[in-house]
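Below you'll find the structure, written out as structure tokens, and then a few comments.
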Amino acid sequence: MNKLLKDFLSIPMPLEKLLIARQSFSLKIAHMVEHRRVGLSRVDELPQGCGMLFLYGETQIPGTDKKPFVSMCARMNLTVVFLKSSGEVVGIFVNLKGEGEKNFKTASRYYCKKPAEMMLELRGDLELGLYEGDSVDLRKVTDKYRGEIYTANRK
């Protein structure tokens, strides 16, 4: 197993396999508040076919509805996909530059035009073939973690 994959798999979050735009992905599931804070900050580069799915449940994702999304501490370029709870893609940012920024005040901000409850972070150089208005079937994951997402958001 190569170091990139080993580092990715060592992230202490659940791992799920999903099909997105006809491509298979191994996704770490950031469904708890502490998981979302850490995100991909412990990984220098994402292996091919890997990423992270952030589940916010009823809580709206920062970066939607005029609140900025800030990818703090990410050291690699990312493609970020914002999704509604239905799986509808409502925003995509392709190949965002990884800044490794640790200061919230100086980190770059990104705004999605529509509210979203989930977010995917994938390799920045990925040719995904996914567009706003497309739909991604995430029920396998959202159904599995639904109770934990809502419980975590109430704390």
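Under our numbering, read the sequence shown as residues 885 to 1039, first letter to last.
Beta carbons: idealized from backbone N, C-alpha and C, even for Gly.
Q | Sequence-distant residues of the same chain with beta carbon closer than 7 Å to G971, five excluded per side | A | S1019, V1020, D1021, L1022
Q: Can you check DSSP and say which residues form a bridge with R1007?
A: L962
Q. Between which two residues does the alpha helix (DSSP H) harbouring E1103 extend?
A. The requested residue 1103 does not occur in the structure, where the chain is confined to residues 885 to 1039.
Q: Starting from the C-beta of R1038, find all residues in its chain whose C-beta is less than 8 Å away, skip the five residues before and the five after it, and write them out in chain order.
A: Note that R1038 scores a pLDDT of 48, beneath 50, so its modelled location is shaky; the value from the coordinates is reported in the next line. Same-chain partners within the cutoff: there are none.
Q: Thinking A1000 and L962 are a contact (beta carbons under 8 Å), I'd like their distance in whole angstroms, please.
A: Contact doesn't hold; Cβ gap of about 16 Å is too wide.
Q: Using the Cα positions of Q932 and T1026, report the straight-line distance between them to the nearest angstrom.
A: 23 Å
Q) Excluding five sequence neighbours on each side, which residues of the same chain lie with their C-beta closer than 7 Å to the C-beta of Y1029? A) Within its own chain, the residues whose Cβ lies closer than 7 Å to the Cβ of Y1029, once the five positions on either side in sequence are excluded, are I913, H915, L939, listed in chain order.
Q) Near D891, what residues of its chain come up, given a Cβ to Cβ distance below 8 Å and the 5 sequence neighbours on each side ignored? A) R926, V927, D928
Q: For my contact list, L911 and M936 are in at a C-beta cut-off of 8 Å; report their separation, rounded to the angstrom.
A: 6 Å
Q.
Taking the straight line between their C-alpha atoms, what separation do you get for L930 and L888?
A. 7 Å
Q | Coil, strand or helix - K998 by DSSP | A | Coil, per DSSP.
(Q) Which residue marks the beginning of the beta strand (DSSP E) containing L888, and which one marks its end? (A) Where L888 is concerned, there is no enclosing beta strand (DSSP E), although the alpha helix (DSSP H) it sits in stretches over 887-893.
Q | Spatial neighbours of L1010 in its chain, beta-carbon cut-off 7 Å, leaving aside the 5 residues before and after | A | T963
**Q.** Sequence-distant residues of the same chain with beta carbon closer than 7 Å to G975, five excluded per side
**A.** F966, C996, K997, K998, A1000, E1016
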